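Notes for the one structure printed next.
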Amino acid sequence: MILVVGGTGTTGRLVAAKLAAAGHAARVASRRASAGGVRFDWYDRSTYDTALDGATGLYLIAPLGDADPAPTMLPFLDLARRAGVRRAVLLSSSAIEAGTPGLGEVQAQLGEMIREWAVLRPSWFMENFVGEHPHAASARERGEIVSATGDARVGFVDPADIAEVAVRALTDPAPHDTEHVITGPERLSYADVAATLTELLGRPVRHRAVDEDALTAYHEAHGLAPDYARFLAGLDTAVAAGSEDRVTTTVADVTGRPPRSFRDFCRDRPARVP
3 MILVVGGTGT TGRLVAAKLA AAGHAARVAS RRASAGGVRF DWYDRSTYDT ALDGATGLYL
63 IAPLGDADPA PTMLPFLDLA RRAGVRRAVL LSSSAIEAGT PGLGEVQAQL GEMIREWAVL
123 RPSWFMENFV GEHPHAASAR ERGEIVSATG DARVGFVDPA DIAEVAVRAL TDPAPHDTEH
183 VITGPERLSY ADVAATLTEL LGRPVRHRAV DEDALTAYHE AHGLAPDYAR FLAGLDTAVA
243 AGSEDRVTTT VADVTGRPPR SFRDFCRDRP ARVP
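Going from the sequence shown to our numbering is simple: count from 1 and add 2.
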């Protein structure tokens, strides 16, 4: 059985659904246990044992908004290993290198703690521009997307493609035992994204470029903790310096099909595009 931690989140729900569709037993773990799932709270260790009972595989999403999740996640991984988990797939980010403070510490130790492993390092999510994400809300309410990325480009990726790679990493006969940097098929600036939304929506959406301090304040005004707001704004500054200006062949290499484009992603979700 594969335990999907964060199984109601953006990628977790897709991973759980794809596992079930392929005939694999999956248990969804979340703070508010859904039907057929189990309650799991990173900050409540009394929820760990029930979630792990019978699990041999593990899909891991870090606690949301925690800039330093290692002290919470590493003890859980140790317990998972002792409980019989043989394979673990961790969702990280293309912006986070193994060994760097925070989630990078978990990346660095995953392969030492769990025998079979993979780390997924996706670029920025296309999902950020639909639904209730702040970018989508801003585009819908004010006709603008705010970032500190300047005119730099990003290999935005469809979460469904991330989930496909995750399922392969969880279920392929041979363990992947590697990091997968996952991108979409093209590099787009935020201005490019705004132009695509303008075309598809039939109303103007623009990119408003700000500096890191202004973006930190913007995130805080939308409810993020100050340290996490600064962390996210810093990622934008790294993007402005070119950190995400790349595309990889990971989706095609692992799944056998090309990743979805941003335009197709939006066209498939007309009700959720701003």
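Glycine included, every Cβ here is placed at the ideal spot set by N, Cα and C.
Keep in mind it's a predicted model, so treat the numbers as computed, not measured.
In the DSSP assignment, what residue or residues form a beta bridge with residue 181?
To locate residue 181, count along the sequence shown from 1; it is residue 179. Bridge partners of residue 181: 121.
Hey, out of 187, 202, 125, whose CA is closest to residue 142's CA?
Taking the sequence shown and counting its residues from 1, one reaches residue 142 at position 140. The option with the nearest alpha carbon to residue 142 is 202.
Return helix, strand or coil for residue 93, following the three-state DSSP convention.
In the sequence shown, counting from the first residue as 1, residue 93 sits at position 91. Looking at residue 93 - three-state DSSP - the assignment turns out to be strand.
Do the CB positions of residue 105 and residue 96 come within less than 8 Å of each other?
Counting from one through the sequence shown, the residue named residue 105 turns up at place 103. Counting from one through the sequence shown, the residue named residue 96 turns up at place 94. It is not a contact, given that the beta carbons lie outside the stated cut-off.
Name the residue from 5, 245, 183 whose alpha carbon lies nearest to the alpha carbon of residue 86.
The residue you call residue 86 lines up with position 84 of the sequence shown. Checking every option, the nearest Cα to that of residue 86 belongs to 5.
Quick one: give me the first and last residue of the alpha helix (DSSP H) that residue 84 is part of.
By one-based count along the sequence shown, residue 84 stands at place 82. 72-85 is the span of the alpha helix (DSSP H), which, as asked, contains residue 84.
Please confirm if the segment 36-48 is in contact with the segment 63-77, defined as three or more CB-CB distances below 8 Å between the two stretches.
The segment 36-48, when compared against the segment 63-77, does touch it at the 8 Å Cβ threshold.
Quick check on residue 43: does DSSP put it in helix, strand or coil?
Here residue 43 refers to the residue found at position 41 when the sequence shown is read from its first residue. Strand, per DSSP.
Would you check if the segment 114-129 and the segment 147-160 touch, i.e. whether three or more CB-CB distances between them fall below 8 Å?
Yes: the two stretches touch, three or more of their Cβ pairs being nearer than 8 Å.
So, at 6 Å on beta carbons, what are the nonlocal neighbours of residue 250 in its own chain, with the 5 sequence-adjacent residues on each side left out?
In the sequence shown, counting from the first residue as 1, residue 250 sits at position 248. Excluding sequence neighbours, residue 250 sits near 183, 185.
With burial defined as no fewer than 16 other Cβ atoms inside 10 Å of the residue's Cβ, what is the status of residue 137: buried or exposed?
By one-based count along the sequence shown, residue 137 stands at place 135. Buried, because 16 or more other Cβ atoms sit within 10 Å of the Cβ of residue 137.
Just the Cα atoms here: how many angstroms apart are residue 14 and residue 27?
The count along the sequence shown starts at 1 and reaches residue 14 at position 12. The count along the sequence shown starts at 1 and reaches residue 27 at position 25. Distance between the alpha carbons of residue 14 and residue 27: 14 Å.
Roughly how many whole angstroms lie between the Cα atoms of residue 71 and residue 25?
Looking up residue 71 in the sequence shown gives position 69. Looking up residue 25 in the sequence shown gives position 23. Taking the straight line joining both Cα atoms gives about 32 Å.
Under a Cβ-count criterion, where at least 16 other Cβ atoms within 10 Å of its own Cβ denotes burial, should residue 48 be classed as buried or exposed?
Residue mapping note: residue 48 aligns to position 46 of the sequence shown, counting from 1. Counting Cβ neighbours within 10 Å, residue 48 comes out exposed, since fewer than 16 surround it.
Using the C-alpha atoms, what's the distance from residue 89 back to residue 22?
Counting from 1 along the sequence shown, the entry for residue 22 is found at position 20. Counting from 1 along the sequence shown, the entry for residue 89 is found at position 87. Approximately 18 Å between the Cα atoms of the pair.
So what does DSSP say about residue 60, is it helix, strand or coil?
Numbered from its first residue, the sequence shown carries residue 60 at position 58. Note: residue 60 maps to strand in three-state DSSP.
Helix, strand or coil, according to DSSP, for residue 221 in the structure here?
In the sequence shown, the residue the question calls residue 221 occupies position 219. Three-state DSSP puts residue 221 in a helix.
Could you spell out the range, first to last residue, of the beta strand (DSSP E) harbouring residue 210?
Here residue 210 refers to the residue found at position 208 of the sequence shown. Per DSSP, residue 210 belongs to the beta strand (DSSP E) from 208-211.
Does the structure place the segment 143-154 close enough to the segment 166-180 that three or more beta carbon pairs sit under 8 Å?
The segment 166-180 is not in contact with the segment 143-154.
When DSSP labels each residue in this structure, what does residue 166 get in the three-state scheme?
Counting from 1 along the sequence shown, the entry for residue 166 is found at position 164. Residue 166: helix per DSSP, three-state reduction.
If you follow the alpha helix (DSSP H) that residue 235 is in, where does it begin and where does it stop?
On the sequence shown, position 233 is the one that residue 235 refers to. Residue 235 -> alpha helix (DSSP H) spans 228-242.
Any idea what DSSP makes of residue 17, helix, strand or coil?
Start at 1 with the first residue of the sequence shown, and residue 17 comes out as number 15. Residue 17 falls in the helix class under three-state DSSP.
Grouping DSSP H, G and I as helix and E and B as strand, with all else coil, what is residue 129?
Here residue 129 refers to the residue found at position 127 when the sequence shown is read from its first residue. Three-state DSSP puts residue 129 in a helix.
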